[in-house]
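First to last, the sequence lines map onto chains D and A.
Take the position in the first sequence, starting the count at 1, then add 15; the result is the number in my numbering.
Take the position in the second sequence, starting the count at 1, then add 15; the result is the number in my numbering.
Cβ coordinates follow ideal geometry from the N, Cα and C atoms, glycine included.
The structure presented is a predicted model; accordingly, all values stated were derived computationally and were not measured.
What follows is a short report on a single structure.
There are 2 protein chains.
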Amino acid sequence: MVEAYKWRHRFRKHVSRWTLPRESILDLLSRTSKHLSAKEIYDDLSKAYPGIGQSTIYRTLSLLVQTGFLNKMDIGDGPKRYEYRSSSKMEHHHHLICTKCGKIIDYSDFIDEEEKLVKEAEKNITGKYNFKVQDHNIEFYGLCKDCH
Amino acid sequence: MVEAYKWRHRFRKHVSRWTLPRESILDLLSRTSKHLSAKEIYDDLSKAYPGIGQSTIYRTLSLLVQTGFLNKMDIGDGPKRYEYRSSSKMEHHHHLICTKCGKIIDYSDFIDEEEKLVKEAEKNITGKYNFKVQDHNIEFYGLCKDCH
DNA sequence: TATGGTAATGATAATCATTATCATTAACAG
DNA sequence: CTGTTAATGATAATGATTATCATTACCATA
Ligand SMILES: [Mn+2]
Ligand SMILES: [Mn+2]
Ligand SMILES: [Zn+2]
Ligand SMILES: [Zn+2]
Numbered sequence: 016m017v018e019a020y021k022w023r024h025r026f027r028k029h030v031s032r033w034t035l036p037r038e039s040i041l042d043l044l045s046r047t048s049k050h051l052s053a054k055e056i057y058d059d060l061s062k063a064y065p066g067i068g069q070s071t072i073y074r075t076l077s078l079l080v081q082t083g084f085l086n087k088m089d090i091g092d093g094p095k096r097y098e099y100r101s102s103s104k105m106e107h108h109h110h111l112i113c114t115k116c117g118k119i120i121d122y123s124d125f126i127d128e129e130e131k132l133v134k135e136a137e138k139n140i141t142g143k144y145n146f147k148v149q150d151h152n153i154e155f156y157g158l159c160k161d162c163h
Numbered sequence: 016m017v018e019a020y021k022w023r024h025r026f027r028k029h030v031s032r033w034t035l036p037r038e039s040i041l042d043l044l045s046r047t048s049k050h051l052s053a054k055e056i057y058d059d060l061s062k063a064y065p066g067i068g069q070s071t072i073y074r075t076l077s078l079l080v081q082t083g084f085l086n087k088m089d090i091g092d093g094p095k096r097y098e099y100r101s102s103s104k105m106e107h108h109h110h111l112i113c114t115k116c117g118k119i120i121d122y123s124d125f126i127d128e129e130e131k132l133v134k135e136a137e138k139n140i141t142g143k144y145n146f147k148v149q150d151h152n153i154e155f156y157g158l159c160k161d162c163h
C-alpha cells in the first residue's frame with residue numbers, strides 16, 4: 016500500500032476526500048492485470064472489507080475514471096469492466112476479446128504503426144467532418160487458444 | 016419493399032418463416048443510415064404496425080444479426096444499436112462517436128492502409144497468442160462539429 | 001486532539017435494457 | 001384448406017446501474 020500516498024496526493028487535487036473504499040478499489044485494480052467488473056470488485060473487496068456497499072463501488076469507479084486513475088471498457092456483453100491506468104505513455108494498448116469465453120488479452124504491438132495511421136486518420140477526420148478526435152479504441156474479436 | 020423478395024429468399028435458407036415483423040424491421044433499417052436502438056425501432060414501427068411486441072423486436076434483431084443482415088454495436092453508453100449490413104465489400108466502415116451528444120458518424124477512409132495494418136497485426140496475434148482473429152472494430156471518440 | 005461542517009457511505013428503492021415464459025396466432029408444407 | 005409448429009406478444013423476471021436519503025467519518029480549523 017505504498018502507492019497510497021501518491022494516489023492520495025494526486026487525488027486530493029480534485030477536491031475529494033481520501034477514503035478506505037477509494038483506496039481499496041485502487042489498490043485491488045493496481046495489483047491485477049485483469050479487467051474487472053463492478054460485481055467482481057465488490058465480491059473481492061467484501062472479503063477484506065465486509066459491509067462495503069455496491070453503490071460505493073459504482074460511484075467510486077466512475078470517479079476514478081473521471082480523474083484518470085482507471086479505464087472503463089465495454090466488451091459488448093455483460094457489465095462494464097475497469098482496469099488500472101498506468102501513468103506511463105508506454106502503456107497504451109488494445110484488446111483481444113474471445114467471443115466464446117470472454118477472455119480479454121492486452122495487446123500493445125504495432126503501436127508505432129498504429130499511431131501513425133491514427134494520426135493520419137485524425138487529420139482527415141478533422142478536415143472532413145470538423146470532428147475533434149480525443150481518443151480511439153481498437154478491438155480484435157476472435158477465439159483464444161483455449162477456444163478453438 | 017422490392018428488396019423484400021431478396022431478403023425473403025436469403026432468409027428462408029436459414030429455415031425460418033418470413034413474417035411481417037421481420038420484414039418491417041429489415042425495411043426500416045435498410046432505409047436509414049442511422050444506428051437505431053431496439054426502443055427506437057419499436058417506437059418507429061409501432062406507428063405503422065400497432066401491437067408489435069418489444070420481445071419480437073429483440074428476438075428478430077438478434078436473429079438478423081446471426082444471419083448477417085445486421086450489425087450490432089455498442090457505443091458504451093445506453094442500449095445496443097443496430098445498422099443494416101450492406102452486402103458489398105465496400106461497406107466496411109468504422110465510427111466516430113461524439114462523447115457529448117452521442118452522434119455516430121460512419122467513417123470509411125484509410126480502409127486500405129487499415130486493412131494492411133490489421134492483417135499484419137492479426138498474423139502477429141496468431142503467432143504470439145494463438146488467438147484466431149475473426150473481426151475487428153475501431154472507434155474514434157471526440158466532439159462532433161456541433162459540440163465544440 | 002477535539003470538533004463541526006459536509007462529503008462520502010451504505011441500505012434500499014427505482015430505473016433501464018434485455019431475456020425468459022407461455023398461451024395464442026399465423027406461416028406455409030402438404 | 002388444413003394441421004403442424006415456429007413466431008408472436010403480453011407479462012414476469014433478471015441483471016446492471018443509478019437515485020434517494022439517513023447515517024457516518026474525513027479533515028480543516030481552532
Ligand atoms: Mn487492458
Ligand atoms: Mn455505421
Ligand atoms: Zn476463449
Ligand atoms: Zn456531438
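Nearest neighbour of residue i, chosen from the options [CA to CA]
i: F125(D); options: K131(A), K147(A), L158(A) and R37(A); result: K131(A)
i: N145(D); options: E154(D), G93(D) and E137(D); result: E137(D)
i: G68(D); options: P94(D), F26(D), Y99(D) and L35(D); result: L35(D)
i: V80(D); options: I40(D), D59(D) and G93(D); result: I40(D)
i: I153(A); options: I90(A), S45(A), H29(A) and W22(A); result: I90(A)
i: K54(D); options: S70(D), D127(D), S45(D) and R46(D); result: S70(D)
i: S52(D); options: K28(D), D92(D) and W33(D); result: D92(D)
Sequence-distant residues of its chain with Cβ nearer than 6 Å to residue i (five each side left out)
i: S123(D); result: H108
i: M88(D); result: R96
i: L111(A); result: I120, Y122 and F155
i: C162(A); result: C113, K115 and C116
Where the beta strand (DSSP E) through residue i begins and ends
i: E98(A); result: R96 to Y99
i: G142(A); result: Segment I126 to Y144 is the alpha helix (DSSP H) holding G142(A); no beta strand (DSSP E) there.
i: I119(A); result: I119 to Y122
i: I112(A); result: H109 to C113
i: I72(A); result: First-last for I72(A): Q69 to Q81, but that is the alpha helix (DSSP H), not the beta strand (DSSP E).
i: E154(D); result: K147 to L158
i: K87(A); result: L85 to M88
Proximal residues to residue i (C-beta, below 8 Å), its chain only, five neighbours per side dropped
i: L158(A); result: C113, T114 and K115
i: L78(A); result: S31 and R37
Residues of its chain near residue i, where Cβ-Cβ distance is below 7 Å and the 5 sequence neighbours each way are ignored
i: H151(D); result: V133
i: E4(A); result: There is no way to answer for residue 4(A), as the model of chain A reaches only from 16 to 163.
i: H29(A); result: T82
i: P94(D); result: S52, A53 and K54
Delimiting residues of the alpha helix (DSSP H) encompassing residue i
i: E55(D); result: A53 to A63
i: F26(D); result: E18 to R27
i: I40(D); result: L35 to R46
i: V30(D); result: Premise fails: V30(D) is in no alpha helix (DSSP H) and is neither H nor E.
CA-to-CA distance, residue j to residue i, given in whole angstroms
i: K10(D); j: H24(D); result: Any property of residue 10(D) remains undetermined from this structure, which presents chain D solely from 16 to 163.
i: S101(A); j: F84(A); result: 8 Å
i: A63(D); j: K118(D); result: 26 Å
i: E98(D); j: S61(A); result: 41 Å
i: G66(D); j: Y73(D); result: 15 Å
i: R27(A); j: W33(A); result: 7 Å
i: K143(A); j: K160(D); result: 10 Å
i: T141(D); j: K147(D); result: 6 Å
i: L76(D); j: E135(A); result: 35 Å
i: L44(A); j: E129(D); result: 33 Å
i: S103(D); j: D59(A); result: 48 Å
8 Å Cβ cutoff, residue i in contact with chain A
i: E89(D); result: It should be pointed out that residue 89(D) corresponds to Asp in this sequence rather than to Glu. Cβ-Cβ to chain A under 8 Å: yes for D89(D).
i: Y144(D); result: yes
i: H163(D); result: yes
i: E130(D); result: no
Minimum Cβ-Cβ distance from residue i to chain D less than 8 Å
i: Q81(A); result: no
i: I120(A); result: yes
i: N86(A); result: no
i: F155(A); result: yes
i: D150(A); result: yes
i: I126(A); result: no
i: C116(A); result: no
i: L158(A); result: yes
i: A136(A); result: yes
i: K147(A); result: yes
Environment of ligand 5 in chain order, Cβ to heavy atom below 6 Å: Ligands present in the displayed structure are limited to ligand 1, ligand 2, ligand 3 and ligand 4, and ligand 5 is not among them.
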